[in-house]
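Accompanying notes for the structure given below.
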Amino acid sequence: MDWRRTFGTLTTTRRHLASGTHRVSNSTVVKICGIRTAEDARAAADAGASMVGLVFVPGSPRAISHDEAQAILRALPSDVEPVALLADPDDADPLFAWWHGRVQLHGNESEETCERIAARGFAVMKGFAYAPEALRRWNACSAVDTLVVDGPRGGSGIPFDHAALASQMPGLTTRVLLAGGLTPETVGAAMNVVHPWGVDVSSGVERERGIKNAQLIAQFCRAAGVTPRRVPPIES
Numbered sequence: 156m157d158w159r160r161t162f163g164t165l166t167t168t169r170r171h172l173a174s175g176t177h178r179v180s181n182s183t184v185v186k187i188c189g190i191r192t193a194e195d196a197r198a199a200a201d202a203g204a205s206m207v208g209l210v211f212v213p214g215s216p217r218a219i220s221h222d223e224a225q226a227i228l229r230a231l232p233s234d235v236e237p238v239a240l241l242a243d244p245d246d247a248d249p250l251f252a253w254w255h256g257r258v259q260l261h262g263n264e265s266e267e268t269c270e271r272i273a274a275r276g277f278a279v280m281k282g283f284a285y286a287p288e289a290l291r292r293w294n295a296c297s298a299v300d301t302l303v304v305d306g307p308r309g310g311s312g313i314p315f316d317h318a319a320l321a322s323q324m325p326g327l328t329t330r331v332l333l334a335g336g337l338t339p340e341t342v343g344a345a346m347n348v349v350h351p352w353g354v355d356v357s358s359g360v361e362r363e364r365g366i367k368n369a370q371l372i373a374q375f376c377r378a379a380g381v382t383p384r385r386v387p388p389i390e391s
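Going by this note's numbering, the first residue of the sequence shown is number 156, and it counts up by one from there.
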């Protein structure tokens with residue numbers, strides 16, 4: 156698969172959120188983050204996920220190498236979008252030389268860092284712990300096309316006040332990917348409160364830290380209202 160062709164045309168167009176516009180083709184976008192193997196990626200695709208997140212943060216239990224990432228990309232159907240998760244990357248990070256999907260920044264990046272990465276042709280998603288001021292700050296950043304609104308520690312499974320976020324949703328001009336402590340049991344209620352463009356899960360589909368569970372992935376996607384897809388076998 157030619158990933159340059161498939162993902163090289165991504166734009167950073169900001170999408171306005173009005174009542175009822177958080178659905179895409181009548182289905183919420185689901186991102187399964189912390190994918191570490193081709194098998195996990197296929198399980199996410201089978202379950203109906205629209206995006207998979209690959210973690211390139213040293214020390215994370217979900218971190219993978221560039222070689223492992225490329226093996227995952229080869230197994231990924233063309234309609235499932237890969238997202239590279241980075242924290243405070245250096246401008247010379249070698250990932251930028253070959254990656255052609257979205258980039259999710261989940262550290263202490265500045266607006267200027269987001270602008271520099273967007274200027275290189277990457278669609279930028281900004282992850283941050285929910286706080287009213289942080290939401291306003293990143294909603295105002297034109298380089299960011301998706302707000303990944305998380306709990307106090309990304310990947311920890313700790314939720315936050317969804318009602319508080321919901322109260323700010325009408326004033327946003329950038330789409331929201333809701334994260335932070337979601338599970339198959341809680342995602343439906345969270346969606347009903349916040350009405351996000353999409354939902355993002357990592358620890359909520361793991362039985363052991365850093366190890367994805369295909370059954371939980373399927374349950375999460377079903378609870379989020381997405382339709383499973385029939386994924387053709389991997390070509391040898």
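Ideal Cβ placement from N, Cα and C applies to all residues, glycine included.
Nearest-angstrom Cα separation, counted from residue j out to residue i
i, j, result
"His221", "Leu250", "7 Å"
"Asn263", "Thr341", "28 Å"
"Ala289", "Cys376", "28 Å"
"Thr176", "Pro351", "Bear in mind that a pLDDT of 34 at Thr176, under 50, signals an unreliable position, so the number given afterwards is only what the model happens to contain. Computed Cα separation, rounded: 9 Å."
"Met324", "Val349", "7 Å"
"Gly365", "Met206", "18 Å"
"Gly353", "Val185", "6 Å"
"His317", "Gly343", "12 Å"
"Gln259", "Ile272", "10 Å"
"Ala193", "Ala224", "9 Å"
"Ser358", "Lys367", "8 Å"
"Pro383", "Ala373", "8 Å"
"Gln370", "Asp243", "33 Å"
"Gly189", "Glu363", "13 Å"
Local conformation of residue i per DSSP, three classes
i, result
"Arg362", "strand"
"Ile313", "coil"
"Arg377", "helix"
"Glu270", "helix"
"Arg227", "In the sequence as presented, Arg is not what sits at residue 227; that position holds Ile. In this structure, Ile227 counts as helix in the three-state DSSP scheme."
"Ala218", "strand"
Test item: CB-CB of residue i and residue j under 7 Å
i, j, result
"Ala239", "Phe211", "yes"
"Arg197", "Ala226", "no"
"Tyr285", "Leu333", "no"
"Thr183", "Ala379", "yes"
"Pro307", "Gly336", "no"
"Val331", "Val304", "yes"
"Ala392", "Ile187", "The chain is shown only over 156 to 391; residue 392 falls outside these bounds and no answer can be derived."
"Gly256", "Pro287", "no"
"Glu267", "Cys296", "no"
"Leu302", "Thr328", "no"
"Glu270", "Ala252", "no"
"Arg282", "His261", "Looking at the sequence provided, one finds Gly at residue 282 rather than Arg. Cβ distance < 7 Å, so Gly282 and His261 count as in contact."
Where the beta strand (DSSP E) containing residue i begins and where it ends
i, result
"Glu194", "Note, Glu194: premise wrong, no beta strand (DSSP E); alpha helix (DSSP H) at Ala193 to Ala202."
"Leu260", "Arg257 to Leu260"
"Pro237", "Glu236 to Leu241"
"Ile187", "Val184 to Cys188"
"Val207", "Met206 to Val210"
Report task. Write down every uninterrupted run of the alpha helix (DSSP H) in the segment 278-364 whose length is 4 residues or greater and which is fully enclosed by it, in chain order. Result -> 287-294, 317-323 and 342-349
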